[in-house]
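J.: Using the working numbering, read the sequence shown as starting at 20 and increasing by one per residue. Just so it is clear, CB atoms sit at the ideal spot from N, CA and C, and this is done for glycine as well. Since this is a predicted model, take the numbers as computed values, not measurements. Dropping a structure here in structure tokens format, bear with me for questions.
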Amino acid sequence: MMYKLKLLLILCVAMILSVGCGKKDTVTVLTQDEENIVAVPILLRIDPETGEEEYTDLIEGFNKEYAGKYRIDVQWLKDTEQGYRERLKILNVYDRLPIIITDAAFSPDFHELMVSNERYLNLYPYLEGREEWQELVEKSSDGKIYMVPLNMGLYSSAGLYYNKELFRKAGIEKFPQTWEEFFECLGRLQDAGITPLALHGGGEYWSPMLISTAYMCSTEGGQTFLEEYFPESYDNQYVMDMLFCMDTIYNYTFDDALDINFNQAQNRFMNGEAAILANGYWMMGDIGVDKQKEIGFAPFPGNMLMIDEQMSSWAVISSYSEEEIEGAIELLTYRQKISEVDEERAGQLENEYISVFQQAQEQFVNYQFRWEEQLLNDFFNTAFPEFIQGNCDYAEFIEKMNAELKKIEAQE
């Protein structure tokens, strides 16, 4: 039996490594004409629900522009975002990471590990003096940059999409500007027979948490608390505020919201089955030109957006050759160049989003980059349903949250 278990373990590890990429386990056979081409290995996702491949325009555009010099070599992973992140951790242990990490900030713990072990390359010397990176380089106070964001915040922001026609049916002329108006708006939509919010269960409760952390950050103390990395306790008024909002908004969504995932909630919103969805700029690509006139974009009440540059940050692995690193830097630069928004060519909704982004007076950070992964991935998925269904009150939820925190600390 022990022999069989060992054999199974070996086979599992082999399967895991077979989808990794990097110099040590990816063999690229080059023709004679391609021998001088530098490969830039990268691991990208195929969405397991839609079958869509990530960054196809980026890959095709880069390979065309740098033909004969560099080529992005992609290995595809058909998995969820969480699956991709877990794969990165495994590949790091076996030194099989690709040269580019596209989800570099998903975990403060992982980022700290990569920096302390000098796995992430300090990009400052490579970006200094390059005009397109000047703003980012100037932000570095210690002369070190390990991650580079996309477009300095626009692509790392989120607010509220809403269906203009459903608002008109409910007699609502403009999007609410205060939290009191927001909750009143939800009631008016519901009274008109319209599902106000497209919420969901699981997935770190992304959309409802966006709304609830925005509500938490309506006070200065709430913003300060959310900016803390790994809080020592969640027993405070700010978390109580977040839970109040979470408890409230689930009264204005689908009856089966806890049983559907974010993609299903987004699809329902796109089909006109709900009036409001909290999400970010990246959703723009899912909204066709014909839909752009029907949908509007607004900040959270208080003229506030979630803006966290870490969401779009990529990093480079330091163990590759200098010519491979140069290829990776060119890829980062090309990505930045094609991300620049041409407002004259942008659609109506995209320009509306850009206007909101430029005029937002307040911003708050992404909770996913500040709180323990185990809380987000394990605790939330078991505790939030109990709380939302009324089987756990505010104080009990916070008590359980702190108990989970102590378990995490004990494991470390």
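Helix, strand or coil: which one does DSSP assign to G321?
T.: In this structure, G321 counts as coil in the three-state DSSP scheme.
J.: Just the Cα atoms here: how many angstroms apart are Y353 and K163?
T.: Straight-line Cα distance between these residues: approximately 21 Å.
J.: Is it the case that the Cβ atoms of S337 and L169 are separated by a distance below 8 Å?
T.: The answer is no: Cβ separation not under 8 Å.
J.: Considering only their Cβ atoms, is the gap separating A294 from T14 smaller than 8 Å?
T.: The displayed coordinates of the chain run from 20 to 431. Any statement about residue 14 would go beyond what the structure contains.
J.: Check this for me: beta carbons of L510 and Q387, under 8 Å apart or not?
T.: Residue 510 falls outside the range modelled here, since the chain spans only 20 to 431, and no answer is possible.
J.: Are the Cβ atoms of M166 and Q382 separated by less than 8 Å?
T.: It is not a contact, given that the beta carbons lie outside the stated cut-off.
J.: Between T232 and M261, is the Cβ-Cβ spacing less than 8 Å?
T.: Cβ distance < 8 Å, so T232 and M261 count as in contact.
J.: Looking at the structure shown, is W95 part of a helix, part of a strand, or coil, going by DSSP?
T.: If DSSP states are grouped into helix, strand and coil, W95 belongs with the strands.
J.: Thinking C-beta only, is A177 closer than 8 Å to G220?
T.: Taking 8 Å as the Cβ cut-off, G220 and A177 do not qualify as a contacting pair.
J.: Write down the C-beta distance between A334 and A123 rounded to the nearest angstrom, noting that I regard them as a contact closer than 8 Å.
T.: Yes, A334 and A123 are in contact; Cβ-Cβ is about 4 Å, under 8 Å.
J.: Determine the contact status of F194 and G315, defining contact as a CB-CB distance below 8 Å.
T.: In this structure, G315 lies closer than 8 Å to F194 by Cβ.
J.: Relative to the C-alpha of F416, which residue among F406, R389 and Q311 is closest?
T.: Checking every option, the nearest Cα to that of F416 belongs to F406.
J.: Within 8 Å of any Cβ in chain D, is that where the Cβ of E192 sits?
T.: The chain labelled as chain D is not found in the depicted structure, where only one protein chain is given.
J.: Which residue or residues does DSSP assign as beta-bridge partners of L62?
T.: According to DSSP, which records beta bridges pairwise, L62 is partnered with Q94.
J.: Give the straight-line distance between the Cα atoms of F398 and D98, rounded to the nearest whole angstrom.
T.: The alpha-carbon atoms of F398 and D98 are separated by roughly 22 Å.
J.: Give, in chain order, every unbroken run of the alpha helix (DSSP H) that is at least 4 residues long and sits entirely within the stretch 199-279.
T.: For the stretch 199-279, whole alpha helix (DSSP H) runs of length 4 or above, ordered along the chain, are 225-235, 239-245 and 256-268.
J.: Report the three-state DSSP secondary structure of F194 (helix, strand or coil).
T.: Here F194 sits in coil by DSSP.
J.: Cβ of I91 within 8 Å of Cβ of F81?
T.: For I91 and F81, yes; Cβs fall inside 8 Å.
J.: D278: which of Y224, E251 and F288 sits nearest, CA to CA?
T.: Of the listed residues, the one whose Cα sits closest to D278 is Y224.
J.: DSSP three-state label for A293, please.
T.: Reduced to three states, the DSSP call for A293 is coil.
J.: From Y372, Q367 and Y257, pick the residue whose C-alpha is nearest to that of W301; which is it?
T.: Minimum Cα distance to W301 is reached at Y372.
J.: Which first and last residues belong to the alpha helix (DSSP H) in which S176 is found?
T.: Unbroken run through S176 is the beta strand (DSSP E), S176 to N182; no alpha helix (DSSP H).
J.: Below 6 Å CB to CB, which residues in the same chain sit around L208 once its five sequence neighbours on both sides are set aside?
T.: Counting only Cβ-Cβ distances below 6 Å, and skipping sequence neighbours, we find A189, P215 and A294.
J.: First and last residue of the beta strand (DSSP E) that includes F383?
T.: It spans E381 to F383 - the beta strand (DSSP E) in which F383 sits, taken as one unbroken run.
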